[in-house]
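Visitor: Here the protein sequences come in this chain order: A and B.
Reading the first sequence from the start, the letters are residues 1 to 130 in our numbering.
Reading the second sequence from the start, the letters are residues 1001 to 1164 in our numbering.
Okay, here's the structure, questions in a sec.
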Amino acid sequence: MSTQATATTTAKTSSLATSAKFRTFAITFAVAGTVIYLLCLQFNWPLFTYHPAVNRVELGWGPGRSGEGPAMYWYGWTATTLVAGFVVSLLATLLPESTAKKIPLILVWLLPILAIPYLVWDLRQWWFHP
Amino acid sequence: MDLISVNTFWTIWLLVHLVLSVGLIGALTHQAVSCAMPVRQVAGPPGFVTRFRAVPAAGYATAICILWVLTFIAGSYIYTKYRIYIRIPIEQAQYWKTQGFFDFKEHVASIGLVLLPAYWYFWKNAQNPEYDTPRKVVTVYLAVACWFLFIVGHVLNNVRGFGS
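Here is the structure:
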């Protein structure tokens, strides 16, 4: 990498780190992303369903079909989270800085911590399987 | 694909996932310990623990984000084979809690992924005291999550991994 290219990359990185819009984006993405992922789990909202045995992708939620092996939803839940989280965070950057600054920073770490007991509860079928 | 067997191909990807996760767990552990228990002025020569936490933690942030994403992608890639060749036999063997922990692992990995932009931002603004608490908690959260993901993956490999 040339010296000029290194300098350009460093400048871009540092400008991102000082950007108020990126701050809003990053904080909203953490908060909204965690909430959206848990909603995807609760209401089963995969963006797509993948059938690995037949290498088939189906838009939205699709059941596992006889002779086609299991259906995978985790890719779809993650995709829903990333796409919806990105859109919400992008919209948040349009807010005035004074409003965006009101998003409580505590949510960035509190929600992922609170997600743990929710996940334990959500997976109860495995813990208490007879 | 003809150069190597199918088993070798997927074994290589599993090892890639392992190597990336080892790099990630090392970097995150150093960083988490350095920000949770920062080094104070010590009298005399520093011991192992002091040297372990005396790392320039802010410099790890970008590498950790990249490693988390790469480990996530490698894990997602091999997950398709896990779903058919590992999970189904695990269910047949009625290892329900093992299966539950794997599902837990995938959720924790995704939640970790959405925290990365904020985590990176907090570390790039480490001089701002407003971000001290979220930076510390998010870093420790990611480190604990990474250890959890690593251990669950290791146990699953023991249950039905190489040679099975």
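Don't be surprised by glycine CBs; every beta carbon is placed ideally from N, CA and C.
Jot down the residue ranges of each uninterrupted beta strand (DSSP E) in the stretch 1076-1156 of chain B, minimum 3 residues, whole runs only, in chain order.
Guide: Listed in chain order, nothing qualifies, since the stretch 1076-1156 of chain B has no complete beta strand (DSSP E) run of 3 or more residues.
Visitor: Just the chain A side, please: which residues come within less than 7 Å of Tyr1185/B by C-beta, in chain order?
Guide: Any answer about residue 1185/B is impossible in this case: the structure gives chain B only from 1001 up to 1164.
Visitor: Check whether chain A comes within 8 Å of Pro1089/B, counting only Cβ atoms and requiring the distance to be less than that.
Guide: Residue mapping note: residue 1089/B aligns to position 89 of the second sequence, counting from 1. No, Pro1089/B does not count as interfacial toward chain A.
Visitor: Does DSSP put His129/A in a helix, a strand or coil?
Guide: Reading the first sequence from its first residue, position 129 is the one you call residue 129/A. Coil.
Visitor: Just the chain A side, please: which residues come within less than 8 Å of Gln1099/B by C-beta, in chain order?
Guide: Counting from 1 along the second sequence, the entry for residue 1099/B is found at position 99. Neighbours of Gln1099/B on chain A, chain order: Trp126.
Visitor: Just the Cα atoms here: how many angstroms apart are Val57/A and Leu95/A?
Guide: Counted from its first residue, the first sequence places residue 57/A at position 57. Counted from its first residue, the first sequence places residue 95/A at position 95. Taking the straight line joining both Cα atoms gives about 36 Å.
Visitor: Distance, Cα to Cα, Ala1054/B vs Val1114/B?
Guide: Within the second sequence, numbered from 1, the residue matching residue 1054/B stands at position 54. Within the second sequence, numbered from 1, the residue matching residue 1114/B stands at position 114. Approximately 28 Å, taken between the alpha carbons.
Visitor: Considering only residues of the same chain and omitting the five flanking positions on each side of Phe86/A, which have a CB-CB separation below 8 Å?
Guide: Position 86 of the first sequence, counted from the first residue, corresponds to residue 86/A. Answer for Phe86/A: Phe29, listed in chain order.
Visitor: Leaving out the 5 sequence neighbours to the left and right, which residues in its chain are closer than 7 Å to Trp1010/B when beta-carbon positions are compared?
Guide: Residue mapping note: residue 1010/B aligns to position 10 of the second sequence, counting from 1. So the qualifying residues of the chain are Ile1078, Lys1081.
Visitor: List, in chain order, every chain A residue whose beta-carbon is nearer than 7 Å to that of Thr1080/B.
Guide: Locating residue 1080/B in the second sequence gives position 80, counting from the first residue. Near Thr1080/B (Cβ distances below 7 Å), the residues of chain A are Pro52.
Visitor: So what's Met1/A in DSSP terms, helix, strand or just coil?
Guide: As a working note, residue 1/A is residue 1 in the first sequence. Residue placement at Met1/A is flagged as unreliable, the pLDDT there being 44, under the threshold of 50; the coordinate-derived value follows with that caveat. Met1/A: coil per DSSP, three-state reduction.
Visitor: From Gln1031/B to Val1039/B, what distance separates their C-alpha atoms?
Guide: One-based indexing of the second sequence puts residue 1031/B at position 31. One-based indexing of the second sequence puts residue 1039/B at position 39. Taking the straight line joining both Cα atoms gives about 12 Å.
Visitor: Determine the chain A residues that contact Tyr1141/B at a beta-carbon separation under 8 Å, and present them in chain order.
Guide: Here the question's residue 1141/B lines up with position 141 in the second sequence. Here the neighbours are Trp109, Pro112, Ile113.
Visitor: Nearest-angstrom Cα distance between Ser1021/B and Trp1068/B?
Guide: The sequence position of residue 1021/B within the second sequence is 21, counting from 1. The sequence position of residue 1068/B within the second sequence is 68, counting from 1. Going from the Cα of Ser1021/B to the Cα of Trp1068/B covers about 8 Å.
Visitor: Residues in the same chain with beta-carbon distance under 6 Å from Ala84/A, minus the five sequence neighbours each way, listed in chain order, please.
Guide: Position 84 of the first sequence holds residue 84/A. Excluding sequence neighbours, Ala84/A sits near Ile36.
Visitor: Determine, using beta-carbon pairs with one atom in the stretch 1118-1135 of chain B and one in the stretch 1088-1102 of chain B, whether at least three such pairs fall under 8 Å.
Guide: In short, these stretches do not touch, since the Cβ pair count stays below three.
Visitor: For the candidate residues Val1019/B, Tyr1095/B, Ala1109/B, Ile1064/B, whose alpha-carbon lies nearest to that of Asn1158/B?
Guide: Looking up residue 1158/B in the second sequence gives position 158. Of Val1019/B, Tyr1095/B, Ala1109/B, Ile1064/B, the residue nearest in Cα terms is Tyr1095/B.
Visitor: In the stretch 61-78 of chain A, which residues sit with their C-beta less than 8 Å from some C-beta in chain B, listed in chain order?
Guide: Those residues of the stretch 61-78 of chain A that come within reach of chain B (Cβ to Cβ, closer than 8 Å) are Gly69, Pro70, Met72, Trp74, Tyr75, Trp77, Thr78.
Visitor: Taking CB distances under 8 Å as the criterion, tell me whether Phe29/A reaches chain B.
Guide: The residue you call residue 29/A lines up with position 29 of the first sequence. Chain B, which has a Cβ nearer than 8 Å to the Cβ of Phe29/A, makes this yes.
Visitor: Using 8 Å as the limit for Cβ to Cβ distance, is Asn1007/B near chain A?
Guide: In the second sequence, counting from the first residue as 1, residue 1007/B sits at position 7. Asn1007/B does not count as touching chain A.
Visitor: Identify whether Glu68/A lies in helix, strand or coil by the three-state DSSP scheme.
Guide: One-based indexing of the first sequence puts residue 68/A at position 68. Residue state, collapsed to three classes: coil.
Visitor: In the DSSP assignment, the alpha helix (DSSP H) including Arg23/A goes from what residue to what residue?
Guide: The residue you call residue 23/A lines up with position 23 of the first sequence. Here the alpha helix (DSSP H) through Arg23/A covers 20-43.
Visitor: Classify Thr6/A as helix, strand or coil using the three-state DSSP reduction.
Guide: The residue labelled residue 6/A in the question sits at position 6 within the first sequence. Low per-residue confidence applies at Thr6/A: pLDDT is 49, beneath 50, and the placement is therefore not dependable enough to give any value.
Visitor: Checking 8 Å against the spacing of the C-beta atoms, do Trp61/A and Glu1106/B come in under that value?
Guide: The residue given as residue 61/A occupies position 61 in the first sequence. The residue given as residue 1106/B occupies position 106 in the second sequence. In this structure, Glu1106/B does not lie closer than 8 Å to Trp61/A by Cβ.
Visitor: Applying a beta-carbon distance threshold of less than 9 Å, which residues of chain A neighbour Leu1028/B?
Guide: Here residue 1028/B refers to the residue found at position 28 when the second sequence is read from its first residue. The contacting residues do not exist; Leu1028/B stays about 15 Å from chain A at best.
Visitor: Can you confirm whether Pro1129/B, when its beta carbon is compared against all beta carbons of chain A, has any partner nearer than 8 Å?
Guide: Residue mapping note: residue 1129/B aligns to position 129 of the second sequence, counting from 1. Not closer than 8 Å to any Cβ of chain A, the Cβ of Pro1129/B fails to qualify, so no.
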